[in-house]
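**Q**
Protein chains: 2
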Amino acid sequence: MSQRDFKDALYEQFARIGHAMSSPKRIELLELLGQGEKSVDALAAHADLPVKNTSAHLRVLRQARLVERRREGTYLYYRLADDKVIHFLKEMEELGRIRLAEVERVTNTYLRSRDELEPVTFGELRRLLKRAEITLIDVRPRDEYRAGHIPGAISVPVAELRDHLHKIPKGREVIAYCRGPYCVYSVEAMALLRRRGYRARRVENGIPEWRALGLAVAIGE
Amino acid sequence: MSQRDFKDALYEQFARIGHAMSSPKRIELLELLGQGEKSVDALAAHADLPVKNTSAHLRVLRQARLVERRREGTYLYYRLADDKVIHFLKEMEELGRIRLAEVERVTNTYLRSRDELEPVTFGELRRLLKRAEITLIDVRPRDEYRAGHIPGAISVPVAELRDHLHKIPKGREVIAYCRGPYCVYSVEAMALLRRRGYRARRVENGIPEWRALGLAVAIGE
DNA sequence: CTATTATTCCAATGATCATTAGAATAGCGC
DNA sequence: GCGCTATTCTAATGATCATTGGAATAATAG
Numbered sequence: 001m002s003q004r005d006f007k008d009a010l011y012e013q014f015a016r017i018g019h020a021m022s023s024p025k026r027i028e029l030l031e032l033l034g035q036g037e038k039s040v041d042a043l044a045a046h047a048d049l050p051v052k053n054t055s056a057h058l059r060v061l062r063q064a065r066l067v068e069r070r071r072e073g074t075y076l077y078y079r080l081a082d083d084k085v086i087h088f089l090k091e092m093e094e095l096g097r098i099r100l101a102e103v104e105r106v107t108n109t110y111l112r113s114r115d116e117l118e119p120v121t122f123g124e125l126r127r128l129l130k131r132a133e134i135t136l137i138d139v140r141p142r143d144e145y146r147a148g149h150i151p152g153a154i155s156v157p158v159a160e161l162r163d164h165l166h167k168i169p170k171g172r173e174v175i176a177y178c179r180g181p182y183c184v185y186s187v188e189a190m191a192l193l194r195r196r197g198y199r200a201r202r203v204e205n206g207i208p209e210w211r212a213l214g215l216a217v218a219i220g221e
Numbered sequence: 001m002s003q004r005d006f007k008d009a010l011y012e013q014f015a016r017i018g019h020a021m022s023s024p025k026r027i028e029l030l031e032l033l034g035q036g037e038k039s040v041d042a043l044a045a046h047a048d049l050p051v052k053n054t055s056a057h058l059r060v061l062r063q064a065r066l067v068e069r070r071r072e073g074t075y076l077y078y079r080l081a082d083d084k085v086i087h088f089l090k091e092m093e094e095l096g097r098i099r100l101a102e103v104e105r106v107t108n109t110y111l112r113s114r115d116e117l118e119p120v121t122f123g124e125l126r127r128l129l130k131r132a133e134i135t136l137i138d139v140r141p142r143d144e145y146r147a148g149h150i151p152g153a154i155s156v157p158v159a160e161l162r163d164h165l166h167k168i169p170k171g172r173e174v175i176a177y178c179r180g181p182y183c184v185y186s187v188e189a190m191a192l193l194r195r196r197g198y199r200a201r202r203v204e205n206g207i208p209e210w211r212a213l214g215l216a217v218a219i220g221e
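The listed protein sequences correspond, in order, to chains A and B. Numbering-wise (the working numbering), the first sequence opens with residue 1 and increments by one. Numbering-wise (the working numbering), the second sequence opens with residue 1 and increments by one.
1. Kindly confirm or deny that the segment 193-209 of chain B and the segment 20-27 of chain A touch, where touching means at least three C-beta pairs closer than 8 Å.
2. Measure the beta-carbon distance from R97 of chain A to L100 of chain B and round it to whole angstroms, keeping in mind my assumption that it falls under 8 Å.
3. What's the gap between the Cα of G123 of chain A and the Cα of L30 of chain A?
4. Would you call A159 of chain A buried or exposed, if buried means 16 or more other Cβ atoms sit within 10 Å of its Cβ?
5. How big is the Cα-Cα spacing for L111 of chain A and E12 of chain B?
6. At a Cβ cut of 7 Å, what residues of the segment 174-198 of chain B count as close to chain A, listed as they run along the chain?
7. What residues in its chain sit with their C-beta under 7 Å from that of L125 of chain B, if we drop five residues either side in the sequence?
8. Rounded to a whole number of angstroms, what is the C-alpha to C-alpha distance between G197 of chain B and T107 of chain B?
9. Is there a Cβ from chain A that is less than 9 Å from the Cβ of V60 of chain B?
10. Check each candidate in B:A42, B:D143 and B:L33 and name the one with the smallest Cα separation from A81 of chain B.
11. Could you check the C-alpha separation between R224 of chain A and L192 of chain B for me, to the nearest Å?
12. Using the C-alpha atoms, what's the distance from P151 of chain A back to R142 of chain A?
13. Taking a Cβ distance cut-off of 9 Å, strictly less, list which residues of the segment 7-28 of chain A are near chain B, in chain order.
14. Label Q35 of chain B either buried or exposed according to how many other C-beta atoms from any shown protein chain fall within 10 Å of its C-beta, with 16 as the threshold for buried.
15. Work out the CA separation of K7 of chain A and T109 of chain B for me, nearest whole Å.
16. Among all the DSSP beta bridges, which residues are the ones paired with H149 of chain B?
17. So G206 of chain A packs on R172 of chain A, CB below 8 Å; how close in whole Å?
18. Against chain A, does K38 of chain B count as a neighbour if the rule is that its beta carbon must be under 9 Å from one of theirs?
19. To the nearest angstrom, how far is the alpha carbon of T135 of chain B from that of P119 of chain B?
20. Provide the residue(s) that pair with L136 of chain B in DSSP beta bridges, ordered along the chain.
21. Find the nearest neighbour of A64 of chain A within the set B:R71, B:E68, B:L61 and B:E93, judged by alpha-carbon distance.
22. Within 10 angstroms of its Cβ, does R162 of chain B collect 16 or more other Cβ (buried), or is it exposed?
23. Just list the residues that DSSP pairs S155 of chain A with in beta bridges.
24. Report yes or no: is there a C-beta of chain B within less than 9 Å of the C-beta of E93 of chain A?
25. Determine the DSSP secondary structure at R70 of chain A, reduced to helix, strand or coil.
26. Taking DSSP as the reference, what is the three-state secondary structure of R79 of chain A?
27. Grab the span of the alpha helix (DSSP H) containing R126 of chain B for me, first residue to last.
28. Determine, using beta carbons only, whether Y110 of chain B comes closer than 9 Å to chain A.
29. Are K90 of chain B and A216 of chain B touching if we call contact CB-CB under 9 Å?
30. Rounded to a whole number of angstroms, what is the C-alpha to C-alpha distance between S55 of chain A and S155 of chain A?
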């Protein structure tokens, strides 16, 4: 084997990972899997894709060894193969944020200027939780809450928020978190709460980032 | 703008970075640029590509804002746009190493079993350098040495090693380093030195990794 | 201004990929 | 065994990409 062949073979293997990350839909699927394991069906629904299509993308991710799966009855549940995958994805997004002005532009267009949202950092959140001064709500779908949430948070999926406001006391500040920095659930939740007279803010990051820092995660109801 | 449009636009931006990393040759080019800035010409020679082709790949990398360039006379010199790029590349390779058994296989085929090489870690290298017990040689091309090398190393490009053995004292152990963990220069250098009766080892990582750790780099001759 | 060198742009080719229809599989309950 | 559901596999389509020949550009030297 020549030196050239060796290099070619080596870089080709690395490129498999790049290739897996070269499709917007595959990135979205990985991001969703960062919230916890999910069936093909559920992934398809969240990513707005036909199941067939989702299956094809998962195949590519599986070939790059980024995801694994397990069977339960007729369902196949996919999960990230390693914590490193989320870590890598976050690095990629940070590089995007730094290098690509378009990311900032797109984000500002939809989320308004980020600063207007007065996001809460994890550090501040932990201080506030310790003093028990706030109500922390997890506005993701309930199964994602079950798969892992910040200790002390209560589950109020954004779709049910309007009907469950009675669960949330008015005197205390409400802090919402969801999937991550680009997830809109907490933005929507915050807007609704403020309209109803609550003091409300959102956390700037989500569960995958919380996990990546090695912070404790509560599981189940 | 709907939530769906927002997500699509956002993930499409991130996918630009994945796409840039989805070609083996582009990864090789980034790796080369991790050694220091280089002309299209030089990149083409190192990567074993036609200049035209190299130019096209650099175009893609430039569109993803991973590289920048500067003109000097009729030459264009490309460089990495940010230290984060190398950092990201290294993350990708680590994920590859963990996830892709093929990488191990390819590596072992060419470099023999890695363990046989008795690689020196950066930690050990620094201890040995402090005690001045070894001769440290940089076996990369001379321009890469000039662009940045480990303080205390002397430049002996692997191609010239055979004719410059007189520069290297026989009593002390010789340690060689090159571009990184998959670079074969130091492996070749080590083999030659051992045949000639030297005690020789190689460093397990290279300059990009040294830089990524924030360690001091010497520039020039 | 012309010639020369390094590089890019344009356009066309073939290769690879995403998507999607239709057939096939795997597990389950009967 | 049969029917049902979730998912995958196979194959074909069109879209995108890498590659490459030929023309164009940009800087320099004469």
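Think of the CB as a built atom: it goes at the ideal place given N, C-alpha and C, for glycine as much as any other residue.
**A** According to the structure data:
1. Contact fails: fewer than three Cβ-Cβ distances are below 8 Å.
2. So it is not a contact: roughly 27 Å between Cβ atoms.
3. Between G123 of chain A and L30 of chain A, the C-alpha separation is close to 26 Å.
4. Burial call: exposed.
5. Looking at the two C-alpha atoms, the distance is approximately 17 Å.
6. Cβ contacts with chain A: Y182 and V184.
7. Cβ within range, chain order: I175 and V203.
8. Distance between the alpha carbons of G197 of chain B and T107 of chain B: 26 Å.
9. With 9 Å as the cut-off, V60 of chain B does not count as an interface residue toward chain A.
10. Per the Cα distances, B:L33.
11. Nothing about residue 224 of chain A can be reported from this structure: the residues present for chain A run from 1 to 221 only.
12. Cα to Cα, R142 of chain A sits roughly 15 Å from P151 of chain A.
13. Of all residues in the segment 7-28 of chain A, the ones placed with a Cβ closer than 9 Å to any Cβ belonging to chain B are K7, D8, A9, L10, Y11, E12, Q13, F14, A15, R16, I17, G18, H19, A20, M21, S22, S23, P24, K25, R26, I27 and E28, in chain order.
14. Answer is buried; the Cβ neighbour count reaches 16.
15. Roughly 12 Å between the two C-alpha positions.
16. Answer is B:A218, bridged to H149 of chain B.
17. In fact, because the Cβ distance is near 22 Å, the residues do not count as touching under 8 Å.
18. No - not a single Cβ of chain A is within 9 Å of the one on K38 of chain B.
19. Going from the Cα of T135 of chain B to the Cα of P119 of chain B covers about 15 Å.
20. B:I175, per the DSSP bridge assignment.
21. If we check each option's Cα against that of A64 of chain A, B:E93 comes out closest.
22. Result: exposed.
23. Paired residues: A:D138.
24. The beta carbon of E93 of chain A sits closer than 9 Å to some beta carbon of chain B.
25. Of the three classes helix, strand and coil, the one that applies to R70 of chain A here is strand, per DSSP.
26. Looking at R79 of chain A - three-state DSSP - the assignment turns out to be strand.
27. Start and end: F122 to K130.
28. It does: the Cβ of Y110 of chain B has a partner Cβ on chain A nearer than 9 Å.
29. No. Outside cutoff.
30. Cα-Cα distance, rounded: 30 Å.
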